[in-house]
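Residue numbers (this note's numbering): 75 to 332.
To start, the structure under review is shown below, and the notes come after it.
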Amino acid sequence: MIFRRSLTQLGGRVMAMARDVGGVFVLTMEVLRALIPPRLDGRETVRNLYKMGNRSVPIVVLTALFVGGLMVIQFAAFVKQFGARALVGWGTGYAVFREVGPILIGLMFSGRVGANNTAELATMTVTEQVDGLQALAIDPIRYLVVPRVVAMMIMLVALTVIGDAVALIGTMIMSYVVLDIHPYTVWYSLVDNLGPSDFLHGISKSLVFGAAIALSSCYFGLTVRGGAVGVGRAVNAAVVGAAVSICFLDFLMTYLTA
Numbered sequence: 075m076i077f078r079r080s081l082t083q084l085g086g087r088v089m090a091m092a093r094d095v096g097g098v099f100v101l102t103m104e105v106l107r108a109l110i111p112p113r114l115d116g117r118e119t120v121r122n123l124y125k126m127g128n129r130s131v132p133i134v135v136l137t138a139l140f141v142g143g144l145m146v147i148q149f150a151a152f153v154k155q156f157g158a159r160a161l162v163g164w165g166t167g168y169a170v171f172r173e174v175g176p177i178l179i180g181l182m183f184s185g186r187v188g189a190n191n192t193a194e195l196a197t198m199t200v201t202e203q204v205d206g207l208q209a210l211a212i213d214p215i216r217y218l219v220v221p222r223v224v225a226m227m228i229m230l231v232a233l234t235v236i237g238d239a240v241a242l243i244g245t246m247i248m249s250y251v252v253l254d255i256h257p258y259t260v261w262y263s264l265v266d267n268l269g270p271s272d273f274l275h276g277i278s279k280s281l282v283f284g285a286a287i288a289l290s291s292c293y294f295g296l297t298v299r300g301g302a303v304g305v306g307r308a309v310n311a312a313v314v315g316a317a318v319s320i321c322f323l324d325f326l327m328t329y330l331t332a
């Protein structure tokens, strides 16, 4: 009896996961269809850009500053043991540009902006505002989802660029304080050993992560059921789904470009 119940619960969760993955895929196709021809509500897009980026920048700056300094502290023992002072900028820049920056900022963006977007759309769905738009012959995908997807992709790229720059500043500060390495040494180590492809690799990840966060949050926001309790569940599901998507997409993109 216990085994049968556990198997039933497992099957239900697998079916629910498959339904959600399929739902996000269908939503992706609907967004792409809404973008052909590319007609975008400029006012709604700008409003979402401001709302998503206004309070995200300070958090990203603070976190990136500490991350840059923390990486130097982790490298300090290796640098002192082998005298690899000229590799501090390269090591930190490589890690920040290609992996740490996009993933960390993407997860923070998902927890703050993605959750807020899910709650907003879920509330609109529960209070039948989305049904009201459909009654007025307004396509919710084109009016609500597309501007949010575009805004999240643009804003996450912008935040990643800011975070990368601040993390390098934190690296220079801690390199001088902990290892007595001049900031110019860190900078030339970075410039001499890294190319535009390393920076663009992280930017491309941010672009994909932004789309994944937007689609996950919009899907769970528009398919919410169960009133106020359902809104909370939708937010939780959206954040978890976005985090899993970020990790999976990061692995896939890293593997394909290795």
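Cβ atoms here follow ideal geometry from the backbone N, Cα and C, with glycine treated the same way.
| query | result |
| --- | --- |
| Residue environment, M246, which counts as buried when at least 16 other CB atoms sit within 10 Å | buried |
| Cβ pair count under 8 Å reaching 3, the region 218-229 against the region 107-115 | yes |
| Reduced DSSP secondary structure (H/G/I, E/B, other) of G173 | The sequence given here has Glu at residue 173, not Gly. Three-state result, E173: helix. |
| Span separating the alpha-carbon of T331 from that of D205 | 43 Å |
| Cβ distance (whole Å) where F171 is taken to contact H275 below 8 Å | 7 Å |
| Whole-number beta carbon distance between I287 and G180, since they are thought to touch under 8 Å | 7 Å |
| Where A308 falls: helix, strand or coil (DSSP) | helix |
| Straight-line Cα distance separating L139 from L323 | 25 Å |
| Rounded C-alpha distance that separates G165 from Y293 | 38 Å |
| Candidates V282, P270 and P112, of which the one nearest F325 by Cα | V282 |
| Simplified DSSP assignment, three categories, for T137 | helix |
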